[in-house]
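Asks:
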Amino acid sequence: MHPVELAKDIYWVGAVDWDLRTFHGQALSTHRGSSYNAYLIMDERPTLVDTVWPPFTRELMRNIGEIVDPAKLEVVVANHVEVDHSGSLPAVMAKAPQADLICSPQGKEGLQKHYRGDWRYKVVKTGDSISIGQRTLSFIQAPMLHWPDSMFTYLVEDQILMPNDAFGQHIATSFRFDDQVNMDEVMEEAQKYYANILLPFSPLVTRKLDEVTKLNLPIKMIAPSHGIIWRQDPGRIVNAYAQWAQPGGDNSCVIAYDTMWGSTQRMADEIAQGLVDEGVPVKMLRTSTTDMNDLIAEVAKAKGLLLGSPTVNRTVLPSVGKLVHELVALRPAGKVGAAFGSFGWSGEAPAELNSGLEKLKASIASEPLGLKWVPDEAELVACREFGRKVARAIKE
Ligand code: FEO
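Each residue of the sequence shown is one higher than the one before, starting from 3 at the first, in the working numbering.
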């Protein structure tokens, strides 16, 4: 994709990665690809904000070159050290060694360790600003959103916020703006991105949103480093973040489970019916057949979380164990949960899953429910009642 003008003399010069299917090593699924957004501001001091992942360096340099000779760049802003945004810095700085490289204090430390470049670093902190001619760039540090070095750049006169990863989405699109694309797909990807990357930092997100609100910055456009640019309705993603950062979720329930020979599946079916009896919508997601990151996105949305696994070798099935491991790291707050599972002899799985819920500080709606071998009619009735009990706790 070639450059696109966001506002007078401000251009998207990044790259669209249609082929990306996993990210962060292979830790994150990206079914719809992604983009690496870099921005060029043509002023008295031509300025580049962020770069792209190294496989797309050629495209970045071509796009800059369609507007200005990259050797004429005088300012380069590195909002974030992670390689998908800084990876092309060596190529850019080789062309424009005279450019000032603007970054946060932690950004300088990270960039030096990544690239060891002899570059003209200018370290900035929240509240600092620089003039690039007719325009002023001001900076807001955003530590742990999502790395210690993360920083937002604000274009004062144009009222454009460039917050790097924040408000981004992994989606490849032919057009760059929110009024040109399928927003249902974009919001789905934005929520998945939040759930899988920003969820553990939710209290910081809330604080940062408050801080930026207090700064009273008019924001006409939000131009993140992945996905579409919010120009029609930048408030939509800000409001969504405010909501996603809150503990809990809507009054629905995810049953995340796996089964070996079908007994835990039968338990899950009856538990789901109990939730439905009480009017609570349920999503039954089998951990061994559902994409882990899609599953985490669903868990983040729902207040209720039921975990189920049979006991195998005194523990849970591997796919359920992986989910619990991920959730303990991501720390979704405010969940109402319970655990269940079938067993043949030792029966440790429900208690183990319950202890995973306790690590999340979930409100435990019921004692763990374990059933031996194949559930009979009376036990299926107990499963349904278990579901009803959880549903009532979710609705409280
Ligand atoms: Fe934290 Fe898109 O990199």
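Even for Gly, the Cβ is constructed at its ideal location relative to N, Cα and C.
Just so we're clear, the structure is a prediction, and the values are computed from it rather than from any experiment.
#1: If you draw a straight line from the C-alpha of Ile66 to the C-alpha of Pro99, how long is it?
#2: In this structure, does DSSP put Ile273 in helix, strand or coil?
#3: Note down the Cα distance separating Phe401 from Ile230, rounded to an integer number of angstroms.
#4: So, using beta-carbon positions, are Tyr259 and Leu219 closer together than 8 Å?
#5: Any heavy atom of the ligand FEO closer than 7 Å to the CB of Ser106?
#6: Confirm the yes/no value for this check: CB of Trp14, any heavy atom of the ligand FEO, distance under 7 Å.
#7: Distance check for Met153 and Thr128, CA to CA, integer angstroms please.
#8: In chain order, what residues of the same chain have a beta carbon less than 7 Å from the beta carbon of Ala192, not counting five sequence neighbours either side?
#9: Is the closest heavy atom of the ligand FEO to the C-beta of His116 under 7 Å?
#10: Going by C-alpha distance, which of Gly251, Asp279 and Thr291 is nearest Met262?
#11: Among the candidates Ile257, His26, Asn39 and Asp279, whose CA atom is the shortest distance from the CA of His87?
#12: Measuring alpha carbon to alpha carbon, tell me which of Arg47, His82 and Pro92 ends up nearest Val70.
#13: What residue from Asn81, Lys124 and Ala29 has the CA that sits closest to Leu147's CA?
#14: What do you reckon, are the CB atoms on Val54 and Leu42 nearer than 8 Å?
#15: If you run the structure through DSSP and keep just helix, strand and coil, what is Leu355?
#16: Between which two residues does the beta strand (DSSP E) carrying Asp102 extend?
#17: Taking the continuous beta strand (DSSP E) assigned at Arg122, which residues delimit it?
Replies: Answer, in terms of the structure:
#1: Here residue 66 refers to the residue found at position 64 when the sequence shown is read from its first residue. Here residue 99 refers to the residue found at position 97 when the sequence shown is read from its first residue. About 16 Å.
#2: The residue given as residue 273 occupies position 271 in the sequence shown. Of the three classes helix, strand and coil, the one that applies to Ile273 here is helix, per DSSP.
#3: In the structure as shown, the chain starts at 3 and stops at 398, and residue 401 therefore has no counterpart that could be examined.
#4: Within the sequence shown, the letter at position 257 stands for residue 259. Within the sequence shown, the letter at position 217 stands for residue 219. No, these two residues do not count as a Cβ contact at 8 Å.
#5: Here residue 106 corresponds to residue number 104 of the sequence shown, with the count starting at 1. No, the Cβ of Ser106 stays beyond 7 Å of every heavy atom of the ligand FEO.
#6: Locating residue 14 in the sequence shown gives position 12, where the first residue counts as 1. No.
#7: On the sequence shown, position 126 is the one that residue 128 refers to. On the sequence shown, position 151 is the one that residue 153 refers to. Cα to Cα, Thr128 sits roughly 9 Å from Met153.
#8: Against the sequence shown, residue 192 aligns to sequence position 190. The residues are Gln171, Ile239 and Ala242.
#9: Taking the first residue of the sequence shown as 1, we reach residue 116 at position 114. No, Cβ of His116 sits at least 7 Å from all heavy atoms of the ligand FEO.
#10: For the purposes of this step, residue 262 is identified with residue 260 of the sequence shown, where counting begins at 1. Answer by Cα proximity: Thr291.
#11: Mapped onto the sequence shown, residue 87 falls at position 85. Comparing Cα positions, the closest option is Asn39.
#12: Indexing the sequence shown from 1 puts residue 70 at position 68. That would be Arg47, whose Cα lies nearest to the Cα of Val70.
#13: For the purposes of this step, residue 147 is taken as the residue at position 145 of the sequence shown. Looking at the Cα atoms, Asn81 is the closest of the given residues.
#14: Here residue 54 refers to the residue found at position 52 when the sequence shown is read from its first residue. Here residue 42 refers to the residue found at position 40 when the sequence shown is read from its first residue. Against a cut-off of 8 Å, the Cβ pair of Leu42 and Val54 comes out as no contact.
#15: Against the sequence shown, residue 355 aligns to sequence position 353. Residue state, collapsed to three classes: helix.
#16: Here the question's residue 102 lines up with position 100 in the sequence shown. It spans Asp102 to Cys105 - the beta strand (DSSP E) in which Asp102 sits, taken as one unbroken run.
#17: Residue mapping note: residue 122 aligns to position 120 of the sequence shown, counting from 1. Arg122 to Val125 is the span of the beta strand (DSSP E), which, as asked, contains Arg122.
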